[in-house]
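Protein chains in written order, with this note's numbering: chain G, 163 to 413; chain V, 88 to 312.
See below for the structure under consideration.
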Amino acid sequence: MTAPILQIKDITKSYGKKEVLKGVSLDVNRGDLKILIGPSGAGKSTFLQCINFLVRPDKGQIWLNGKEVRCEHRRNLYAYRQKIGMIFQDFNLFDHLTALENVRIGMVKVKGIPKEEAGQRAELELERVGLKDHMHKYPAQLSGGQKQRVSIARALAMDPEVMLLDEPTSALDPELIGEVHAVIRDLGSNGMTMIMATHQIAFASLLASEIVFMEDGKIVETGTPDKIFNDAEHSRTREFCSKITDLYGER
Amino acid sequence: MPESLTAIVDALPYLLGGSLVTISVVAAAMGLGFVVGLPLAVGQVYGGVVVRAIVTVYVWFFRGIPLLVFLFLFYFGFCTTLEIDVSPYVVAVVVLGLISSAYQSQIFRGAILSLPEGQLKAARAIGMSDFQAIGSIVVPQALRLAIPGWSNEYSILLKDSAVTYALGVAEIMARAHFVATRTYQHFPLYLSAGAIFLVLTWLGTKALRLLEDRVRIPGYSPHLS
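What follows is the structure, encoded as structure tokens:
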């Protein structure tokens, strides 16, 4: 049994009096695809953003490869964030940069890679997500699905060890979801470790190594897709899964 | 040729010479205002409590006192008391520039705040320091959004620069006044001065509009789509 690549222990976060996360822990093994499901406001997004400290947890600890992340030291934090790729629901591509520049800028500014070398790598990453032909377009000239694929390429260019995906297809038209799922599926089959929040039950049950059901700032239940969707222990889990299956179609 | 027209023709080269002085004062003051105003804006948006308080006081101070008071305060008060030998031209540039920095900081602050929060988040997520994220993601986008406000600031600064005639800066207004009091052709001369200001306003705002088009992000026009 190898040690988990990412260990998250007892994360809590409050906004004023509202407790958004009430002690969330998760161990992630290399190559895992953990899928977070749960109603809006369950804390999925906050939890994901706490993992790379875009939101500072009030309490809790995180270990990457067995080493505790000390986010109070800025250099450690910046180095750690490079290893944790993040995909946002609304893409957050840099609007003033072309697709190529979006992918390149992190390598140049953060890693100090020469522009030309970084540009070649950026081209490769864009090719990998099927967007080499669009690399000189600006975000506003791309479709939602293309934007999300550029944002995946941008994250991959930093050589992350873990990817966090915060509802990557929720802002997409239904016919564009497939192209993004295909890229994520590819990542998974190449062994990328991922934690993904999504409502796409069919995708989740097909690919997840584990489903994590969150509600009200806590993890209610975890298990294989089969167990969570067909034989959940908690009535709340069953209730949520049946609702979401109605909404998002048969699995 | 009527006398008034002769007066204009005779004075025109002299007045146009003054417009070069006006342009250089305005350009230098805009530049100074930019160099000081941009960091002020960044400080006010992203700074801690102390930085924000300092910027707030600075902006209040330089927006709150009339230009003419500032000019006299600096030139006759500050510089005379400390025995600093400085030309009216330099005082005009510094005073106009510092006042403009207060206004420009608010233009840039508004532009920064109008950017989606996700831009900074995404920059941080790939490991950028706040300094890198602000410098290479936030500021380049904010500056584009600031151009219309900047155009406004230019036209105000241009007209304000006429006040520096009170210190004896040989700009358009000072020259028009000088000729008018000697030839008694007040009406044609001030009319000419006004016309030159109108042309300069038009040229400057036109140039900034061209700049705006030039740096526009392709496809990115949230209010035209």
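We treat Cβ as the ideally placed atom computed from N, Cα and C, and that holds for glycine.
Under the DSSP assignment, S176 (chain G) falls outside any alpha helix (DSSP H), being part of the beta strand (DSSP E) whose first and last residues are L168 to Y177.
D300 (chain V): member of the alpha helix (DSSP H) spanning H273 to R301, first to last residue.
Following the DSSP letters along the chain, one finds V142 (chain V) inside the alpha helix (DSSP H) bounded by residues V136 to G151.
The beta carbon of H396 (chain G) sits no closer than 8 Å to any beta carbon of chain V. Taking a cut-off of 8 Å on C-beta distances, the segment 377–384 of chain G touches the segment 395–403 of chain G, as three or more cross pairs fall below it.
Secondary structure note for G104 (chain V): its alpha helix (DSSP H) is the uninterrupted segment E90 to Y133. Rounded to whole angstroms, the separation of the alpha carbons of S371 (chain G) and V190 (chain G) is 10 Å.
For the set V:L285, V:D172 and V:A263, the Cα lying nearest the Cα of P100 (chain V) is the one of V:A263. One finds K271 and V272 in chain G with Cβ atoms closer than 8 Å to the Cβ of Q219 (chain V), taken in chain order. With contacts defined by Cβ atoms closer than 8 Å, A261 (chain G) and L288 (chain G) form a contacting pair.
Contact between the segment 182–194 of chain V and the segment 150–158 of chain V is present: 3 or more CB-CB pairs across the two stretches fall below 8 Å. Using a CB distance below 9 Å, the part of the segment 292–314 of chain G facing chain V consists of K299, Y300, P301, A302, Q303, L304 and S313, ordered along the chain.
Counted as a single uninterrupted DSSP element, the stretch harbouring D257 (chain G) is not any beta strand (DSSP E), since DSSP gives it neither H nor E. DSSP places M248 (chain G) in the strand class (E or B) of the three-state scheme. P336 (chain G) sits exposed, since fewer than 16 C-beta atoms from the chains shown fall within 10 Å of its C-beta. The beta carbon of I95 (chain V) lies closer than 6 Å to those of P275 and S279 in the same chain, with the five residues before and after it left out. Here P322 (chain G) is not near K273 (chain G), since their CB atoms are 8 Å or more apart.
Taking 8 Å as the upper bound for CB-CB distance, L287 (chain V) and S111 (chain V) are not in contact here, some 12 Å apart. Secondary structure note for K208 (chain V): its alpha helix (DSSP H) is the uninterrupted segment E204 to A212. Interface criterion met: the Cβ of A241 (chain G) is under 8 Å from a Cβ in chain V. With contacts defined as CB atoms closer than 8 Å, I267 (chain G) and L259 (chain G) qualify as a contacting pair. For I213 (chain V), the nearest CB of chain G lies under 8 Å from its own CB, placing it at the interface with that chain. Contact with chain V is absent for F209 (chain G), since none of that chain's Cβ atoms lies less than 8 Å from the residue's Cβ. E181 (chain G): member of the beta strand (DSSP E) spanning K180 to V190, first to last residue. Taking the Cα positions, G197 (chain V) is about 12 Å away from V226 (chain V). Residues V180, L183, G184, S187 and L244 of the same chain have their beta carbon placed closer than 7 Å to that of A116 (chain V), with the five preceding and five following residues left out of the count. The residue from V:E258, V:T292 and V:R303 with its alpha-carbon nearest to that of G281 (chain V) is V:E258. For M376 (chain G), the enclosing beta strand (DSSP E) starts and ends at E372 to E377.
In the same chain as I357 (chain G), and ignoring 5 residues on each side of it, the C-beta atoms closer than 6 Å to its own belong to K196 and L326, in chain order. Using beta-carbon distances, N214 (chain G) counts as an interface residue toward chain V, with a partner under 8 Å. Using a Cβ-Cβ cut-off of 8 Å, R231 (chain V) counts as an interface residue toward chain G, since at least one Cβ of chain G sits closer than that to its own. From the beta-carbon of G306 (chain V), the residues of chain G found nearer than 9 Å are K299, Y300, P301, A302, Q303 and L304. In the three-state scheme derived from DSSP, where H, G and I count as helix and E and B as strand, A261 (chain V) is classed as helix.
Contact between I167 (chain G) and N264 (chain G) fails: their C-beta atoms lie close to 27 Å from each other, not under 8 Å.
With a minimum length of 4 residues, the unbroken runs of alpha helix (DSSP H) contained wholly in the segment 248–316 of chain G fall at 261–271 and 277–290.
Runs of the beta strand (DSSP E) lying entirely within the segment 184–230 of chain G, each at least 3 residues long, are 195–199 and 221–226 in chain order.
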